[in-house]
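Colleague: One structure, as structure tokens, below. Some questions next.
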Amino acid sequence: MEDYSNILVVFVIGLVPTLLTLYLNERVKGSVRNSFDEKLEQLKKEHSKEISQFQAELSYLKSKENFKFTKLHEKRFEVLQKTFEYLNNNLNVLATHISPFKFTPDGQNFDENERQASKQYRDAHNEFLKYFKFNSIYFDEETESLLNSFFQESGDIFNAYDQRQIMKSMGDSLDKEGLLNSAMAYKKIPEIIHPLKKEIEIKFRKLLGE
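Heads up: the sequence shown begins at 35 in this note's numbering, then just goes up one per residue.
Okay, here's the thing in structure tokens:
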């Protein structure tokens, strides 16, 4: 009996360290787990905050880009409208100036009237050209090319007609070919300018989103 008691005591004494080790291991595991869970929650909160900040920044940038995009198109619409006004005005002034059916008001000198009309067209042409150069960035390359063609062709037509007055002011006169070119200059408006203007109108409608 005494031997059994001794064995039991030895067993219990030997079991205590084992149980204590298991207990301590579990405490350590629990502590580590709790620490890990806390850090995980902290990381989640930090990431959530970062994600929220990132989303807010994206929303701001998107809003900013939308604002810039809207302003850009508002400016483009304004430029297209103004350009079309200039285009029509230039064409009307040119057509009126070189028309063979125009008349000189009573009491006005023909040559003086021609000089005034010539200056009116030059001023209108130069004003339009200046506006175009300042705002050409709002046009695509094809539209820019069409407008440059308009300036070139309308300028050539005007020069062909105006040579007669230029030579006359210098006390000289044009040869037969020059006189014919001057007299027939008005015919080039429906032949060249009107189709060109139609192309420009089509391009403008595309830019406006039709």
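We put the beta carbon where it would ideally sit given N, CA and C, even for glycine.
Measuring CB to CB, does N123 end up less than 8 Å from A158?
Modeller: Counting from one through the sequence shown, the residue named residue 123 turns up at place 89. Counting from one through the sequence shown, the residue named residue 158 turns up at place 124. Taking 8 Å as the Cβ cut-off, N123 and A158 qualify as a contacting pair.
Colleague: Mind pulling the alpha helix (DSSP H) runs of 4 or more residues that sit fully within the stretch 150-234?
Modeller: The stretch 150-234 contains these whole alpha helix (DSSP H) runs: 175-203 and 210-218.
Colleague: Are the CB atoms of Y172 and R110 nearer to each other than 8 Å?
Modeller: As a position in the sequence shown, residue 172 is number 138, starting the count at 1. As a position in the sequence shown, residue 110 is number 76, starting the count at 1. Yes, the pair counts as a contact, with Cβ atoms nearer than the cut-off.
Colleague: Which residue from Q115, K232, H107 and K221 puts its Cα closest to that of R162?
Modeller: Here residue 162 refers to the residue found at position 128 when the sequence shown is read from its first residue. Correcting the residue identity first, residue 162 is Phe in this sequence and not Arg. F162 has its Cα closest to that of Q115, out of Q115, K232, H107 and K221.
Colleague: I want to know whether the stretch 233-242 touches the stretch 205-224 - three or more CB-CB distances under 8 Å.
Modeller: No: fewer than three Cβ pairs fall under 8 Å.
Colleague: Note down the Cα distance separating L121 from G243, rounded to an integer number of angstroms.
Modeller: Position 87 of the sequence shown holds residue 121. Position 209 of the sequence shown holds residue 243. Rounded to the nearest angstrom, the two C-alpha atoms are 20 Å apart.
Colleague: Note down the Cα distance separating F101 from E176, rounded to an integer number of angstroms.
Modeller: For the purposes of this step, residue 101 is identified with residue 67 of the sequence shown, where counting begins at 1. For the purposes of this step, residue 176 is identified with residue 142 of the sequence shown, where counting begins at 1. Bear in mind that a pLDDT of 47 at F101, under 50, signals an unreliable position, so the model cannot answer this.
Colleague: With DSSP collapsed to three states, give me the class of L242.
Modeller: In the sequence shown, counting from the first residue as 1, residue 242 sits at position 208. Three-state result, L242: coil.
Colleague: Can you tell me whether DSSP reads I132 as helix, strand or coil?
Modeller: Here residue 132 corresponds to residue number 98 of the sequence shown, with the count starting at 1. I132: helix per DSSP, three-state reduction.
Colleague: Quick check: the stretch 215-222 against the stretch 184-197, are at least 3 beta-carbon pairs closer than 8 Å?
Modeller: These segments touch.
Colleague: Within its chain, find whatever has a CB closer than 8 Å to the CB of L125; leave out the 5 residues flanking it on each side and keep chain order.
Modeller: Start at 1 with the first residue of the sequence shown, and residue 125 comes out as number 91. So the qualifying residues of the chain are S188, I223, I227 and K231.
Colleague: Would R149 and Q199 qualify as a contact pair, given that the criterion is a beta-carbon distance under 8 Å?
Modeller: On the sequence shown, position 115 is the one that residue 149 refers to. On the sequence shown, position 165 is the one that residue 199 refers to. The answer is yes: Cβ separation under 8 Å.
Colleague: Would DSSP call N122 helix, strand or coil?
Modeller: Looking up residue 122 in the sequence shown gives position 88. The answer is helix: DSSP assigns N122 an H, G or I state.
Colleague: Quick check on N147: does DSSP put it in helix, strand or coil?
Modeller: Looking up residue 147 in the sequence shown gives position 113. Looking at N147 - three-state DSSP - the assignment turns out to be helix.
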